[in-house]
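The next block holds one structure in the form of structure tokens; read it before the comments.
Numbering (the numbering used here), first residue to last: 14 to 234.
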């Protein structure tokens, strides 16, 4: 049930918090790290990247990905940051501009995914959630593109774009909304161009594993 699924996700996030840092949205001076569970807020609309066990009625028929407003304590907006599926990603490792990552939906364990299907409202590229802990493929790979460019590290609260590896599309949302059963949710889609504000996101509150540098700083106190 929805209540049981939400409780399980809340328990999992509590377990993560025992080994990591719970960070509010305004904590912006440390790295986004592997293994952390975070919310991604769209810079232009402040909607949060979201998924739910409701399949698209068109396209792939896979689990829908949307963006929602005023998510508050919603666990459907938490995503766990992993490395590429063929790489080892140690907890607490940071990500530089150009790093390849996967984002796993904390509640349903599906991966943020894209492919050559049309998005349901605008006809752009569909973004879905697909797979589970045991199933992942290259369609789940996204490249971190920082607005500060090459040589930069992904820092909490700073602007970032995500480019899909297989198709080159950028993760976007816009002020185009669904009706029932997910009324008020914004469409999330992939677009071929990174131009404009629709493709800009920021990491928000979450449960973050500290980087090695943060741990060394603590030891020096």
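No residue lacks a Cβ here, since even glycine has one placed at the ideal position from N, Cα and C.
Computed from a prediction, not measured in an experiment: that's the story for all the values here.
Along the beta strand (DSSP E) that carries residue 124, what are the first and last residues, could you check?
-> Translated into the one-based positions of the chain shown, residue 124 becomes position 111. Element bounds for residue 124: 124-131.
Flag this pair as touching only if the stretch 209-223 and the stretch 167-179 have three or more C-beta atom pairs under 8 Å; answer yes or no.
-> yes
Quick one: what's got a C-beta closer than 6 Å to residue 5's C-beta in the same chain, skipping five residues either side?
-> The structure shown does not extend to residue 5, since the chain is modelled only from 14 through 234, so no value can be given for it.
Do you know whose CA, among 196, 221, 222 and 95, lies nearest residue 77's CA?
-> Here residue 77 corresponds to residue number 64 of the chain shown, with the count starting at 1. Here the closest residue by C-alpha is 196.
8 Å CB neighbourhood of residue 87 in its chain, flanking five on each side removed | Residue mapping note: residue 87 aligns to position 74 of the chain shown, counting from 1. Correct list, in chain order: 61, 63 and 81.
N- and C-terminal bounds of the beta strand (DSSP E) containing residue 186 | One-based indexing of the chain shown puts residue 186 at position 173. Per DSSP, residue 186 belongs to the beta strand (DSSP E) from 183-190.
Look at the alpha carbon of residue 8 and the alpha carbon of residue 203, and state the distance between them as a whole number of angstroms.
-> Shown here, the chain extends from 14 to 234; a query on residue 8 therefore has no answer.
Which partner residues does residue 145 have in the DSSP bridge list?
-> Here residue 145 refers to the residue found at position 132 of the chain shown. According to DSSP, which records beta bridges pairwise, residue 145 is partnered with 148.
On the premise that residue 125 lies in contact with residue 112, defined as a C-beta separation below 8 Å, what is that separation, rounded to the nearest angstrom?
-> By 1-based counting over the chain shown, the position of residue 112 is 99. By 1-based counting over the chain shown, the position of residue 125 is 112. About 15 Å; that fails the 8 Å criterion.
Helix, strand or coil at residue 90 according to DSSP, with G and I counted as helix = Here residue 90 is taken as the residue at index 77 of the chain shown, counted from 1. Helix, per DSSP.
Whole-angstrom distance between residue 136 and residue 127, CA atom to CA atom = The sequence position of residue 127 within the chain shown is 114, counting from 1. The sequence position of residue 136 within the chain shown is 123, counting from 1. Those two C-alpha atoms are separated by around 14 Å.
Going by C-alpha distance, which of 200, 95, 73 and 163 is nearest residue 3?
-> Because the chain here runs from 14 to 234, residue 3 falls outside it and cannot be looked at.
Look at the alpha carbon of residue 74 and the alpha carbon of residue 101, and state the distance between them as a whole number of angstroms.
-> Here residue 74 corresponds to residue number 61 of the chain shown, with the count starting at 1. Here residue 101 corresponds to residue number 88 of the chain shown, with the count starting at 1. Near 31 Å, if we compare the C-alpha coordinates of residue 101 and residue 74.
Whose C-beta lies closer than 8 Å to the C-beta of residue 92 among residues of the same chain, with five residues either side of it excluded?
-> Locating residue 92 in the chain shown gives position 79, counting from the first residue. Taken in chain order, the residues that qualify are 50, 51, 52, 53, 62, 116, 117, 118, 119 and 125.
Closest by CA to residue 153, which one among 94, 223 and 69?
-> In the chain shown, counting from the first residue as 1, residue 153 sits at position 140. Closest by alpha carbon: 94.
Integer-rounded CB distance, given that residue 183 should sit under 8 Å from residue 133 = On the chain shown, residue 133 is found 120 positions in, with the first residue counted as 1. On the chain shown, residue 183 is found 170 positions in, with the first residue counted as 1. Going by Cβ atoms, the distance from residue 133 to residue 183 rounds to 18 Å, so no, they are not a contact pair.
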